[in-house]
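Here's the structure we're looking at; comments come further down.
Protein chains: 4
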Amino acid sequence: MAVRTPDPDPNEQPDDAEDFAAVGAAGFGGVPGGSTNPAWLSDVELTEIRRRLPMLYVEAVPVRTDGTGSVTQVGILLRATPVGEITRTIVSGRVRYGETVRDALFRHLENDLGPMAFPLLPPSPVPFTVAEYFPIPGVSAYHDDRQHAVSLAFVVPVTGTCEPRQDALEVTWMTPQEAASDALAAEMEGGRGTLVRHALASVGALR
Amino acid sequence: MAVRTPDPDPNEQPDDAEDFAAVGAAGFGGVPGGSTNPAWLSDVELTEIRRRLPMLYVEAVPVRTDGTGSVTQVGILLRATPVGEITRTIVSGRVRYGETVRDALFRHLENDLGPMAFPLLPPSPVPFTVAEYFPIPGVSAYHDDRQHAVSLAFVVPVTGTCEPRQDALEVTWMTPQEAASDALAAEMEGGRGTLVRHALASVGALR
Amino acid sequence: MAVRTPDPDPNEQPDDAEDFAAVGAAGFGGVPGGSTNPAWLSDVELTEIRRRLPMLYVEAVPVRTDGTGSVTQVGILLRATPVGEITRTIVSGRVRYGETVRDALFRHLENDLGPMAFPLLPPSPVPFTVAEYFPIPGVSAYHDDRQHAVSLAFVVPVTGTCEPRQDALEVTWMTPQEAASDALAAEMEGGRGTLVRHALASVGALR
Amino acid sequence: MAVRTPDPDPNEQPDDAEDFAAVGAAGFGGVPGGSTNPAWLSDVELTEIRRRLPMLYVEAVPVRTDGTGSVTQVGILLRATPVGEITRTIVSGRVRYGETVRDALFRHLENDLGPMAFPLLPPSPVPFTVAEYFPIPGVSAYHDDRQHAVSLAFVVPVTGTCEPRQDALEVTWMTPQEAASDALAAEMEGGRGTLVRHALASVGALR
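Residue numbers (my numbering), protein chains in the order written: chain D, 1 to 207; chain E, 1001 to 1207; chain L, 2001 to 2207; chain F, 3001 to 3207.
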């Protein structure tokens, strides 16, 4: 069974309902740390809140750069969904209560790329774009069945080795041209092909 | 009694618990539109959620510009708090479920500056900064007792006449130098003096 | 005969050698204001300097926006070159000695779109990208036979009526999708199709 | 005698007239490489051009960051002027004909901070601000007696050891608070205290 958070601890809050189910089955739901932390959300609660409030997300487009900072490659994740589909995506996840945007970004980069990726988070807190995901397709370029999510998206150079954990099966490094292609966009979930193009434009690497 | 939303209608969701109390007393809580809209939050629910999830906000620093777009004046709001204190602030408010960031920004500008302000929303969805408000002072430059809020902050030229509604008593137009002063920063709530300085820096008007 | 500066005055400095030739033939070259202003450049001097120094340019992608600032249309110029070719381009021109970037931007907008375009220059001095034009194709996405030019590029909403002057024959308003198309990019001079795509990405209007 | 370019070679173009004088005395002026490269400018030519065209510059505010990219320290240069004054400044220099902005930034970082500074140039070509230096004080926040210069300014994390070369005597690492102080601004040349504040605001480190 796919579990996004393979190393749960009492301070760990799963991001998704399916994660909670797995973790909860392991008895996590009953630990005092969980039940006394008001920021902790059960899967039922999270599902309900997702229909009532915009959820804050961070996303990162991992890149390789040359010695002068020019983007040479873009890292696209190959991910297996719970129902066994293979889709392409980027680093993405929720900001928790009490967590800084920067810490959330670092946490999700480590979760999705592994502990040896050595991402270089940008000094600026300003995203290259704000992506708005709506449950109804067509409201914006981005779509998420589960929720209304607003995502702060960053380009993040990584200098180490990516060893995706959890449900990210693989990181594929592509040229900017491949990453901007219609073929890739068609494979990406939730309209993130558009997000990758915006990322490339923000670093001057979109033709 | 101060009510932030003086013209409630069934589709209107108050942003604050105190607003809801006032509106609820007028019978709003019982209308079918309210109870069947899953995105509608009672004051109790909103108070609880504020301790469990980061809330998404938009903020705007209203400015006057000259013919070539240079910022000449900054609009600072004088606001009366529910307990009768006078504080200074900027345009600020929550993004609702299903609402775009742009629509939320427009709604709060109209709420706080009146319908004749004629704000010119920027074409770009990228904020000049992302301000993170934490309930515990000192985590960042920004502080909000009630919640963990993450705010996308924009500089917005206004071309019309500002007639603040609701609890915003007055808009004071200041020079960039006055707006960046320590004296003003000391009067501003939640650390927004810092936000105003960042806004001025983003338009090249901070010395 | 095409003259880019149809209303010369002693303080007016033509941007191009061919302009100077036309203006010079009208006696402009001989006025005292011209000859005593050290910032004034003859066509021979300008041509020579263009091979020795990077030239500073400003460029603007004119857009129409809706009431909340979303870009709905992009203005592309149809221009006749001195040799009679028709090409597509955007607002573009040199920054003069002693002139602010903002004033240069306003001047070229007025030159290319006419006095009734009513452009809304952005409060921020930060361009959405920096386009580097090199005389040798392939060094970057941008190319200019005449010179090494570095251009600060802005998205500028225009609210009035565009009546192109000089050698700009027409402004064509396009949807963001048309403006981002390969067909348009192929018609644009110097690689500016890429610049238009970056502009669209910066305002969240590129798919 | 202070020489900004201690290791001249035929492809090397000094940035300042005084540099050229020193280099020229060493015989540089006479090499064939210099005289045949049309982009090469003698000191007399450079001085003259500086009164006739805006010069394109790049500037960098060196910073130290923590593991999540937050700026913890700012590097300010202590520089001796040709007349023996000590002033404070940042990394700054001209973009040459045919050189990319990125290469110019890298060259000046290496020149001013030494070869072991290991600067991390940003993937994005967009500066945090555009600083306009005019020969007449008061036109903008920035002033340069010699010229009209337009500078693209970047925040650049450095990860190695700074060993200033040439006329930069020392790099002083300061907290963001010290770097934003009035005391420091008063010591900085050309109004660069303002530039440092804008840099700090762009990374969320100005209070």
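Where is the CB? At the ideal position from N, CA and C, for every residue including glycine.
None of the values given here were measured: they were computed from a predicted structure.
Supposed close pair residue i, residue j - CB separation, criterion 8 Å
{"i": "residue 3190 of chain F", "j": "residue 123 of chain D", "result": "The Cβ separation is near 23 Å, so there is no contact."}
{"i": "residue 131 of chain D", "j": "residue 153 of chain D", "result": "5 Å"}
{"i": "residue 149 of chain D", "j": "residue 55 of chain D", "result": "5 Å"}
{"i": "residue 2199 of chain L", "j": "residue 2058 of chain L", "result": "The pair is not a contact, with the Cβ atoms about 13 Å apart (cut-off 8 Å)."}
Neighbourhood of residue i by C-beta distance below 7 Å, restricted to the same chain and skipping five residues each side
{"i": "residue 1027 of chain E", "result": "Interpretation of residue 1027 of chain E is limited by its pLDDT of 30, a score under 50 that renders its predicted location unreliable; the figure taken from the coordinates is listed afterwards. Nothing meets the Cβ criterion."}
{"i": "residue 3071 of chain F", "result": "3063, 3065, 3176, 3203, 3205"}
{"i": "residue 2128 of chain L", "result": "2153, 2154, 2155, 2198, 2199, 2202"}
Residues near residue i by beta carbon distance below 8 Å, same chain, minus five either side
{"i": "residue 3186 of chain F", "result": "3193"}
{"i": "residue 2052 of chain L", "result": "none"}
{"i": "residue 2196 of chain L", "result": "2061, 2074, 2076, 2090, 2179, 2180, 2184, 2185, 2188"}
{"i": "residue 2125 of chain L", "result": "2101, 2102"}
{"i": "residue 114 of chain D", "result": "161, 162, 163, 164, 165"}
Same chain, Cβ closer than 6 Å to residue i, neighbours up to 5 away in sequence not counted
{"i": "residue 1160 of chain E", "result": "1116, 1117, 1118"}
{"i": "residue 2147 of chain L", "result": "2050, 2055"}
{"i": "residue 1110 of chain E", "result": "none"}
{"i": "residue 2029 of chain L", "result": "The predicted position of residue 2029 of chain L is uncertain, since its pLDDT is 32 and thus under 50; a value taken from the coordinates is nonetheless stated next. Same-chain partners within the cutoff: there are none."}
Distance, residue j Cα to residue i Cα
{"i": "residue 3158 of chain F", "j": "residue 67 of chain D", "result": "13 Å"}
{"i": "residue 1078 of chain E", "j": "residue 1170 of chain E", "result": "5 Å"}
{"i": "residue 3144 of chain F", "j": "residue 3050 of chain F", "result": "11 Å"}
{"i": "residue 1023 of chain E", "j": "residue 1082 of chain E", "result": "Only weak support is given to the placement of residue 1023 of chain E: the predicted model assigns it a pLDDT of 32, under 50, and the question is left unresolved by the model."}
{"i": "residue 39 of chain D", "j": "residue 1137 of chain E", "result": "18 Å"}
{"i": "residue 1134 of chain E", "j": "residue 2120 of chain L", "result": "36 Å"}
{"i": "residue 2085 of chain L", "j": "residue 3047 of chain F", "result": "39 Å"}
{"i": "residue 3080 of chain F", "j": "residue 151 of chain D", "result": "47 Å"}
{"i": "residue 45 of chain D", "j": "residue 1045 of chain E", "result": "12 Å"}
{"i": "residue 43 of chain D", "j": "residue 1139 of chain E", "result": "29 Å"}
{"i": "residue 88 of chain D", "j": "residue 1182 of chain E", "result": "49 Å"}
{"i": "residue 3112 of chain F", "j": "residue 2098 of chain L", "result": "28 Å"}
{"i": "residue 3174 of chain F", "j": "residue 1106 of chain E", "result": "40 Å"}
{"i": "residue 1207 of chain E", "j": "residue 3172 of chain F", "result": "22 Å"}
{"i": "residue 2041 of chain L", "j": "residue 3041 of chain F", "result": "17 Å"}
Chain D contacts from the region 3087-3106 of chain F (Cβ-Cβ distance under 7 Å): Cβ contacts with chain D: 3102, 3103, 3106.
Contact residues within the region 3069-3083 of chain F, judged by C-beta distance below 8 Å to chain E: Of all residues in the region 3069-3083 of chain F, none comes within less than 8 Å of chain E when Cβ atoms are compared.
Residues of the region 189-202 of chain D whose Cβ lies closer than 8 Å to any Cβ of chain F, in chain order: Against chain F - using a Cβ distance shorter than 8 Å - the residues of the region 189-202 of chain D are 202.
Members of the region 1116-1147 of chain E near chain L, C-beta cut-off 7 Å: Answer in chain order: 1120, 1121, 1122, 1123, 1124, 1125.
Interface positions of the region 1150-1180 of chain E facing chain D (Cβ-Cβ less than 9 Å), listed along the chain: Per Cβ criterion, the list reads 1150, 1152.
Under 7 Å (Cβ pairs) to chain F, residues found in the region 41-54 of chain D: Considering only beta carbons, no part of the region 41-54 of chain D lies closer than 7 Å to chain F.
Interface positions of the region 3055-3069 of chain F facing chain L (Cβ-Cβ less than 7 Å), listed along the chain: Look at the region 3055-3069 of chain F: the residues with a C-beta under 7 Å from a C-beta of chain L are 3056.
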